Structure formats: C-alpha cells, structure tokens
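Student: Dropping a structure here in structure tokens format, bear with me for questions.
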Amino acid sequence: AASKTRHGKRHGKKSKSRCSKKPLHVNFRDLGWDDWIIAPLDYEAYHCEGVCDFPLRSHLEPTNHAIIQTLMNSMNPSNMPPSCCAPSKLSPISILYIDSGNNVVYKQYEDMVVESCGCR
Amino acid sequence: VQPLAIFPPAAQKSSKVTKIFDGQEASKYFKEFYAPPPPPPSIDRHNKATNKDLIEPHDYMLSIYKTFSTAEKLGLNASFFRSSKAANTIASFVDSGQDDLPLSPLRRQQYLFDVSTLSEKAEVLGAELRIYTKVSGNFRISETDPVDIQLLSCHDQQLLDSRTLDLQDSHRPKWEVLDVWEIFKERQHLSPGKPFCLELRAMLDNPERELDLHLLGLHRHSRPQQKKAILVVFTRSKKRQTLFSERREGRALLGLERKAKERGSGIKASRRRRT
Chain A
9 AASKTRHGKR HGKKSKSRCS KKPLHVNFRD LGWDDWIIAP LDYEAYHCEG VCDFPLRSHL
69 EPTNHAIIQT LMNSMNPSNM PPSCCAPSKL SPISILYIDS GNNVVYKQYE DMVVESCGCR
Chain B
61 VQPLAIFPPA AQKSSKVTKI FDGQEASKYF KEFYAPPPPP PSIDRHNKAT NKDLIEPHDY
121 MLSIYKTFST AEKLGLNASF FRSSKAANTI ASFVDSGQDD LPLSPLRRQQ YLFDVSTLSE
181 KAEVLGAELR IYTKVSGNFR ISETDPVDIQ LLSCHDQQLL DSRTLDLQDS HRPKWEVLDV
241 WEIFKERQHL SPGKPFCLEL RAMLDNPERE LDLHLLGLHR HSRPQQKKAI LVVFTRSKKR
301 QTLFSERREG RALLGLERKA KERGSGIKAS RRRRT
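In order, the protein sequence lines correspond to chains A and B.
Heads up: take any position in the first sequence, counting from 1, add 8, and you land on my numbering.
Heads up: take any position in the second sequence, counting from 1, add 60, and you land on my numbering.
Dropping the structure here:
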C-alpha cells in the first residue's frame with residue numbers, strides 16, 4: 009500500500025480522483041458556432057471526471073450494471089475496466105440562434121448542463 | 061424594448077411584472093433583465109462578416125431570451141410562464157411583403173412570411189403577428205372616434221382579429237399584437253410550404269371608411285429591420301433535438317462556402333476540422 013500523509017492522502021504517484029463534476033467553460037466562439045448562435049456566446053457548465061472504483065459511493069447513484077462491473081474490475085482489473093463516470097442528470101439552457109432560413113429562433117435545449125455525475 | 065413580463069401560472073399579476081423574486085437577488089436579476097439589449101453585432105467583427113452580423117434580432121426575441129435564461133438561472137421552468145405558452149421553441153419570421161408606390165394611399169397591406177423552416181412535426185401552441193405602429197403627427201382625430209386595425213385572411217378576406225388603437229397615447233410608437241393562431245394552424249394544414257399571408261386594414265367609424273395606413277406609420281418604406289412586422293410562432297417538439305441538427309441544416313455549408321470564397325483554398329482544412 010502507498011504511504012499516506014497525516015491527511016490520509018497518498019504520496020508519490022498522483023491518484024485519480026473519484027467520479028465527480030468539474031467546472032467546464034463552454035465557448036461557442038471557440039467552437040466556431042458564433043456564426044449562428046446569437047446568445048449565449050459562452051456559459052458555465054461541468055464535465056464528469058474521475059474513476060468509478062470499488063466501493064461505489066451511493067451519491068454516484070450507480071446503475072446495477074455499474075455495481076457489477078465495478079465489482080468485477082476490483083477482483084480482476086486486467087479483465088474488466090471500471091464503470092464509466094458519466095452525466096447522470098442534466099439541465100436545459102436557452103439558446104437564441106439564426107436558423108437556415110435566417111429567422112431568429114429561441115429554443116430551450118435539453119441536456120446541456122451537467123447537474124450530477126454518476127457511474128454507468 | 062417592450063418588456064416581457066414573467067407570469068407564473070398561480071401568481072398574482074402586479075402593475076407590470078409579477079413579483080417572483082425577493083430582496084437583493086431580485087434587484088440584481090431585474091437590473092440585468094431590463095438592461096438595454098446588447099448592441100447589434102458589428103459587420104466587420106474580426107474581418108468575419110457572417111449572416112448573423114447582417115441579421116438584427118427583434119427586441120422581442122432578445123427579451124424572450126433574457127427572460128427565460130434568467131428564469132433558468134433561478135431554477136424556474138420557463139415553460140410555465142404564460143408568455144411562453146408552454147413552448148420550448150419560439151420562432152420569429154420577418155415580413156417580406158412590399159408596399160406599392162410610397163406616395164400612393166395605402167388602404168391595405170399584405171404581410172407575407174416564409175415559414176418553410178418550421179417543422180411540420182412540431183405542435184403549434186400559438187402564433188401572433190406583431191406590428192409596429194407610430195401614428196403620424198399629421199393625423200388628428202377626435203377622441204370619440206376609435207380606429208380599429210383589422211386582420212383579414214388573404215385567402216377569403218375573413219376577419220381574423222381586430223384591435224382598437226389607444227389614441228390617448230397614440231403618438232408614441234407601439235407594437236400591436238394580433239392573435240393568428242387559428243388561421244395559422246389552418247393554413248399550415250391546407251397549404252404547407254406556401255408563404256403565410258395576412259391582410260391588414262385600419263377602419264374608422266362614422267362614416268365607416270378605410271384609413272390610409274401611412275397615418276398609422278405602417279408603411280414599409282425605409283423601415284429598419286428591427287421595426288418590420290414579425291410573425292411569432294410558439295411550438296413544442298416532443299422529439300429531443302440535438303444542436304447538431306440545426307448546425308446541419310444548411311448554415312454550416314453556407315458558412316463554409318462563404319469562408320471558402322474569402323480564403324480561397326482554406327475550405328478543405330476547415331471542413332476537416334469541423335468533421
């Protein structure tokens with residue numbers, strides 16, 4: 009086992025953090041989409057990052073499949089990868105854009121911002 | 061800007077805006093909400109003149125966006141607002157009709173809207189015509205004589221909706237809103253793919269006669285883009301649409317073609333990058 013500091017953190021090789029949401033700044037200008045999106049030109053969102061390792065935490069709301077896969081991974085990592093850290097809840101955002109007929113359209117797009125991450 | 065009020069279904073309506081926020085948070089959001097619209101994008105921003113730069117969104121559409129995106133930040137579901145008619149898509153179509161010669165009297169106007177980009181599968185929850193009126197300073201009328209603006213079907217001259225102009229405050233510019241939901245649904249069903257057409261006239265009582273629409277500031281000559289009439293259609297699509305579907309619908313190709321002209325052979329690299 010790797011040696012631990014007094015705060016319980018591991019020394020040496022940086023361990024991967026558990027599956028959680030991390031800040032993500034989305035900029036439509038950088039994507040080259042500012043020629044059709046009027047607003048917003050950028051917004052604050054999240055992405056999911058980290059490992060789904062055994063034992064899975066309940067706040068990650070793992071699927072039953074993820075529990076099995078994680079257990080199998082813990083027993084034989086070379087045979088089975090861990091389950092995936094992925095968005096488990098998303099929320100919409102409003103977008104004002106220009107459609108193919110040059111009309112200005114408001115639309116509420118579903119699943120644009122990660123609210124929580126889970127093991128899937 | 062004509063402010064768009066937020067009306068949650070069960071809340072009571074105050075003079076202008078329903079009070080749905082409290083304390084400092086409310087003042088912060090309303091400050092943002094009523095802030096003047098952002099300046100129109102410059103034509104030559106970073107030497108990239110796009111269609112977007114040439115299209116000026118109507119204040120009403122900016123207002124819709126500001127209201128609903130602010131609501132989202134507060135965790136409110138925009139579809140509950142009365143003004144949204146529970147729609148998740150609100151499309152605006154700018155009038156493409158033309159007037160006759162500028163000096164001839166304008167008794168009637170035909171408004172034409174190309175609604176071909178509207179999905180036939182989407183459920184239409186509402187449609188309204190928004191027209192900008194500004195009564196001419198030369199127009200004098202006694203307070204007892206109401207002026208009705210009437211909307212007729214181009215197809216059979218059936219009266220669709222009418223609005224009595226408020227002449228007490230008539231010399232201030234104003235957007236009049238006329239409900240065209242029924243006729244829009246009917247026309248969409250009967251003549252899909254054809255431009256949506258509406259006819260407008262202004263009637264004066266006693267003696268009953270049609271007014272010259274110039275007097276109400278309805279003529280189209282030298283009218284800026286943002287003051288042109290718009291048809292606003294409220295729809296709800298159950299199908300979850302991805303952002304890429306809009307991207308695919310022509311705009312990407314148009315953009316690439318335009319950029320190719322600007323940059324010569326740069327298009328291949330651009331297309332590769334997008335792919």
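Ideal Cβ positions, reconstructed from N, Cα and C, are used throughout, including at glycine.
Predicted model, so just to flag it, every value in this text is computed and none were measured.
Closest Cβ-Cβ distance between Ile46 of chain A and chain B: below 8 Å?
Tutor: As a working mapping, residue 46 of chain A is identified with position 38 in the first sequence. At least one chain B Cβ lies under 8 Å of Ile46 of chain A.
Student: Measure the Cβ-Cβ separation of Ala53 of chain A and Val121 of chain A and say whether it is below 8 Å.
Tutor: Mapped onto the first sequence, residue 53 of chain A falls at position 45. Mapped onto the first sequence, residue 121 of chain A falls at position 113. Going by C-beta atoms, Ala53 of chain A is nearer than 8 Å to Val121 of chain A.
Student: Helix, strand or coil for His33 of chain A, going by three-state DSSP, please let me know.
Tutor: To locate residue 33 of chain A, count along the first sequence from 1; it is residue 25. Reduced to three states, the DSSP call for His33 of chain A is strand.
Student: Answer yes or no: the CB of Gln285 of chain B versus the heavy atoms of the ligand ATP, is any distance below 7 Å?
Tutor: Inclusion of the ligand ATP in the displayed structure is not the case, the ligand content being empty and no account of it being possible.
Student: With a cut-off of 8 Å, do at least 3 Cβ pairs link the segment 190-197 of chain B to the segment 212-219 of chain B?
Tutor: no
Student: Does any residue of chain B bring its CB to less than 8 Å from the CB of Tyr54 of chain A?
Tutor: Along the first sequence, read from residue 1 onward, the residue named residue 54 of chain A stands at position 46. With respect to chain B, the C-beta atom of Tyr54 of chain A has no partner C-beta closer than 8 Å.
Student: Going by DSSP, name the residue or residues bridged to Trp348 of chain B.
Tutor: Because chain B here runs from 61 to 335, residue 348 of chain B falls outside it and cannot be looked at.
Student: Measure the alpha-carbon distance for Val207 of chain B versus Tyr117 of chain A and round it to whole angstroms.
Tutor: Numbered from 1 along the second sequence, position 147 holds the residue referred to as residue 207 of chain B. Numbered from 1 along the first sequence, position 109 holds the residue referred to as residue 117 of chain A. C-alpha separation (whole angstroms): 42 Å.
Student: What residues in its chain sit with their C-beta under 6 Å from that of Lys287 of chain B, if we drop five residues either side in the sequence?
Tutor: Locating residue 287 of chain B in the second sequence gives position 227, counting from the first residue. Excluding sequence neighbours, Lys287 of chain B sits near Tyr192.
Student: What span of residues does the beta strand (DSSP E) with Glu268 of chain B cover, start to end?
Tutor: Locating residue 268 of chain B in the second sequence gives position 208, counting from the first residue. Where Glu268 of chain B is concerned, there is no enclosing beta strand (DSSP E), given that its DSSP letter is neither H nor E.
Student: What residues in the segment 170-200 of chain B bring their beta carbon closer than 8 Å to a beta carbon of chain A?
Tutor: Those would be Asp174, Ser176, Thr177, in chain order.
Student: According to DSSP, is Tyr94 of chain B part of a helix, a strand, or is it coil?
Tutor: As a working note, residue 94 of chain B is residue 34 in the second sequence. The predicted position of Tyr94 of chain B is uncertain, since its pLDDT is 40 and thus under 50; a value taken from the coordinates is nonetheless stated next. If DSSP states are grouped into helix, strand and coil, Tyr94 of chain B belongs with coil.
Student: Counting only beta-carbon atoms, is Glu118 of chain A nearer than 8 Å to chain B?
Tutor: Here the question's residue 118 of chain A lines up with position 110 in the first sequence. Yes, Glu118 of chain A lies at the interface with chain B (some Cβ there is under 8 Å from its Cβ).
Student: When you compare the segment 91-104 of chain A with the segment 36-56 of chain A, are there three or more beta-carbon pairs, one atom per stretch, that lie closer than 8 Å?
Tutor: yes
Student: Quick one: what does DSSP say Thr71 of chain A is sitting in, helix, strand or coil?
Tutor: Along the first sequence, read from residue 1 onward, the residue named residue 71 of chain A stands at position 63. If DSSP states are grouped into helix, strand and coil, Thr71 of chain A belongs with coil.
Student: Check the Cβ-Cβ distances between Asp107 of chain A and every residue of chain B, and say whether any is below 8 Å.
Tutor: Within the first sequence, the letter at position 99 stands for residue 107 of chain A. Closer than 8 Å to some Cβ of chain B, the Cβ of Asp107 of chain A qualifies, so yes.
Student: Please list, in chain order, all residues of the same chain as Gly277 of chain B whose beta carbon is under 7 Å from its beta carbon, the five residues on each side excluded.
Tutor: One-based indexing of the second sequence puts residue 277 of chain B at position 217. Result list for Gly277 of chain B: Thr193, Lys194, Val195, Ser196, in chain order.
Student: Anything in the segment 54-73 of chain A with a Cβ closer than 7 Å to a Cβ of chain B? List those residues in chain order, please.
Tutor: none
Student: Is it a yes or a no for the segment 157-176 of chain B touching the segment 251-270 of chain B, going by three-plus beta-carbon pairs under 8 Å?
Tutor: At 8 Å Cβ cutoff, the stretches touch.
Student: Which of the three DSSP states, helix, strand or coil, is assigned to Ile76 of chain A?
Tutor: Reading the first sequence from its first residue, position 68 is the one you call residue 76 of chain A. Reduced to three states, the DSSP call for Ile76 of chain A is helix.
Student: For Val237 of chain B and Arg283 of chain B, which I take to be in contact (beta-carbon distance under 8 Å), what is that distance rounded to the nearest angstrom?
Tutor: Counted from its first residue, the second sequence places residue 237 of chain B at position 177. Counted from its first residue, the second sequence places residue 283 of chain B at position 223. Not really, about 18 Å apart at Cβ, beyond 8 Å.
Student: For chain A, is any of its Cβ atoms less than 8 Å away from the one on Asn266 of chain B?
Tutor: Mapped onto the second sequence, residue 266 of chain B falls at position 206. No, no contact with chain A.
Student: DSSP puts Tyr171 of chain B in a beta bridge; with which residues?
Tutor: Taking the second sequence and counting its residues from 1, the one referred to as residue 171 of chain B is at position 111. According to DSSP, Tyr171 of chain B bridges with B:Leu258.
Student: Using a Cβ-Cβ cutoff of 8 Å, what residues of the segment 114-131 of chain B are near chain A? List them in chain order.
Tutor: Ile115, Pro117, His118, Met121, Leu122, Ile124, Tyr125, Phe128, Ser129
Student: I'd like the span of the alpha helix (DSSP H) that includes Arg247 of chain B, first residue to last.
Tutor: Taking the first residue of the second sequence as 1, we reach residue 247 of chain B at position 187. It spans 241-250 - the alpha helix (DSSP H) in which Arg247 of chain B sits, taken as one unbroken run.
Student: Roughly how many angstroms lie between the CA atoms of Gly135 of chain B and Asp119 of chain A, to the nearest whole one?
Tutor: Working through the second sequence from its first residue, we reach residue 135 of chain B at position 75. Working through the first sequence from its first residue, we reach residue 119 of chain A at position 111. Asp119 of chain A has its alpha-carbon roughly 15 Å from the corresponding atom of Gly135 of chain B.
Student: Straight-line CA distance for Phe36 of chain A to Lys245 of chain B?
Tutor: Indexing the first sequence from 1 puts residue 36 of chain A at position 28. Indexing the second sequence from 1 puts residue 245 of chain B at position 185. Roughly 35 Å separates the two Cα atoms.
Student: Are the C-beta atoms of Asn35 of chain A and some chain B residue less than 8 Å apart?
Tutor: What you label residue 35 of chain A is simply residue 27 of the first sequence in a count that begins at 1. Chain B, which has no Cβ nearer than 8 Å to the Cβ of Asn35 of chain A, makes this no.
Student: Could you check what DSSP says for Thr149 of chain B in three-state terms: helix, strand or coil?
Tutor: Within the second sequence, numbered from 1, the residue matching residue 149 of chain B stands at position 89. For Thr149 of chain B, the secondary structure class from DSSP, reduced to helix, strand or coil, is strand.
Student: Can you list, in chain order, the residues of its chain whose CB lies under 6 Å from that of Pro89 of chain A, leaving out five sequence neighbours each side?
Tutor: Taking the first sequence and counting its residues from 1, one reaches residue 89 of chain A at position 81. So the list is empty, once near-sequence residues are dropped.
Student: Which partner residues does Lys115 of chain A have in the DSSP bridge list?
Tutor: For the purposes of this step, residue 115 of chain A is taken as residue 107 along the first sequence, with counting starting at 1. In DSSP, Lys115 of chain A forms a bridge with A:Ile103, B:Thr149.
Student: Using CA coordinates, which residue listed in B:Leu178, B:Leu166, B:Leu163 is at the minimum distance from Arg296 of chain B?
Tutor: Taking the first residue of the second sequence as 1, we reach residue 296 of chain B at position 236. Selected option, being the one with the closest Cα: B:Leu178.
Student: In terms of residues, what are the limits of the alpha helix (DSSP H) holding Thr127 of chain B?
Tutor: Position 67 of the second sequence, counted from the first residue, corresponds to residue 127 of chain B. Its alpha helix (DSSP H) spans residues 119-133.
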